[in-house]
Amino acid sequence: MASGIIHGEETEDLQKWEVTHSAEVTAARKPVADLVESCASHLEKYRDAAQQEGDLEGVLAARTALDQLRGNETMTPSEDPEVARIQKIYTSTLEKVVAETDAAVAKVNAAYAERLRALVVRLTKAGEIEKASAAKERLDALETEPPAEAAPTSDLEAITTWRKRAFEDFPILLNRNSAEHRTMAARIKELESNSPEVLENPKWFYDLAKQVCSETPASGGQIPEDAKSLNGVFYRAYREKCKWTEAKEKCEKLGGRLAIIRSAEIQALINSLRQPGNNDGWWLGATDERREGRWVWLDRTRMRYENWDKDEPGNLGPDGEEDYLTMHLGGKWNDCANIVADGYVCEWTPPED
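For the sequence shown, the positions run 0 to 352 when numbering that gives the first Met the number 0 is used.
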């Protein structure tokens, strides 16, 4: 519908002209709105899937990206691979869509301004000075109108700070096998469905973590007396031939998990625990079975520190699948198929007092 055409005839009713113009601008901007909605939909689906899996870090990564998207903030690339993939698709498309949208809106505004100028001239000649002044006022406002204001931004910095503090104060939440981790993921899902207004408070995650960790009984087995500790985490090596999946289950039955190596300091300690004798490898808690080449620890955190042997990971096992992490006697890492290795290393994080 062209601006100012009502039932096929010219009208001088500015209110009707404004309604028509507003509808045309909204239609011109729809591609951006559609792109935002599509990105939000994919992030929400991933968040829901992460909630179903009890993947707390996946839930938080998706929520952070959604906060940025809905707050009209610049998207910070996520450390979560799937969230980062969704963000990349969105940002790579956004610039082109925004440029096309801006051009469409400018065209709509230019056409509307031209009609207003003609109306001012026509009304002035007809002696309708009051109506002409009203039309001229609207024309001036249109030509000096500032860009549309961005939507109110979320307090992302505060949200991030409180989340970081929650993990520092309640490290048990980083253990994906802990009751606290599973309870936290379930509570977040409940809040999303039943009390979304709570999530508007930047401190909500910390408050929830404090509540969950204070009410959830500590779980897990007894930490072995001969386990060695570093930065509050205890480690022990077991010389027992088994497959990676078996080693994972054995550590979990002991109340811990296969060891995670986040630094050279932890690497050195774990390497000192192992007994000499052969070089067939000891299992550690990392895998790329979900996505080839994307190595993640069992707590779903990204592998940052690495100590791969030369030409590793090679993925040269049966059928080209080597999805599990082992450590050789010299401390270097190798990717292996789910075969029998010499042993495994478990870790435990004691519950907070």
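All C-beta atoms, glycine included, are put in the ideal place defined by N, C-alpha and C. Remember, it's a predicted structure, so these values are computed and weren't measured experimentally.
The region 287-300 and the region 241-261 touch, with three or more beta-carbon pairs separated by less than 8 Å.
Per DSSP, reduced to three states, the secondary structure at ASP334 is strand. Nearest to PRO201 by C-alpha distance, out of GLU136, LYS249, ALA165, is ALA165.
Secondary structure of TYR304 (DSSP, three-state): coil. Per DSSP, the continuous beta strand (DSSP E) segment holding GLY284 begins and ends at 281-286.
If you compare the alpha carbons of SER21, ALA102, ARG121, ALA336 with that of CYS241, the shortest gap goes to ALA336. Rounded to the nearest angstrom, the gap between the Cα atoms of ALA157 and TRP203 is 11 Å.
Under the DSSP assignment, MET183 falls in the alpha helix (DSSP H) whose first and last residues are 178-193. For LEU229, the secondary structure class from DSSP, reduced to helix, strand or coil, is strand.
In the assembly as shown, ALA185 is an exposed residue. Its beta-carbon has fewer than 16 other beta-carbons within 10 Å. Here ILE85 is buried, its C-beta having at least 16 other C-beta atoms within 10 Å. Counting along the chain, VAL96 sits inside no beta strand (DSSP E); it lies in the alpha helix (DSSP H) bounded by residues 80-124. Excluding residues up to 5 positions away in sequence, VAL232, PHE233, TYR234, GLY255, ARG256, ALA258, ILE259 lie with their Cβ nearer than 7 Å to the Cβ of GLU346 in the same chain. Under the DSSP assignment, VAL197 falls outside any alpha helix (DSSP H); it carries neither an H nor an E label. Approximately 6 Å separates the beta-carbon atoms of LEU13 and ARG137; this is inside 8 Å, confirming the contact.
One Cα belongs to THR92, the other to ASP334, and the distance between them is close to 36 Å. The beta-carbon separation of ASP79 and GLU56, rounded to 7 Å, stays under the 8 Å limit for a contact. Secondary structure note for THR25: it is in no beta strand (DSSP E), and the uninterrupted alpha helix (DSSP H) holding it is 13-52. The alpha-carbon of VAL120 is positioned some 24 Å away from that of GLU23. In this structure, DSSP gives ARG62 a helical state, which the three-state scheme calls helix. When secondary structure is reduced to three states using DSSP, ARG261 falls in the coil class, being assigned neither helix nor strand. Under the three-state reduction of DSSP output, VAL211 falls in the helix class. The C-beta separation of PRO30 from VAL104 comes to about 11 Å, leaving the pair out of contact by the 8 Å criterion. Taking all protein chains in view, the Cβ of GLY126 is surrounded by fewer than 16 other Cβ atoms within 10 Å, so the residue is classified as exposed.
Residue state for THR244 is assigned as helix, using DSSP reduced to three classes. Following the DSSP letters along the chain, one finds VAL344 inside the beta strand (DSSP E) bounded by residues 342-347.
Contact annotation, LEU229 with ILE265: C-beta distance approximately 6 Å; criterion of less than 8 Å satisfied.
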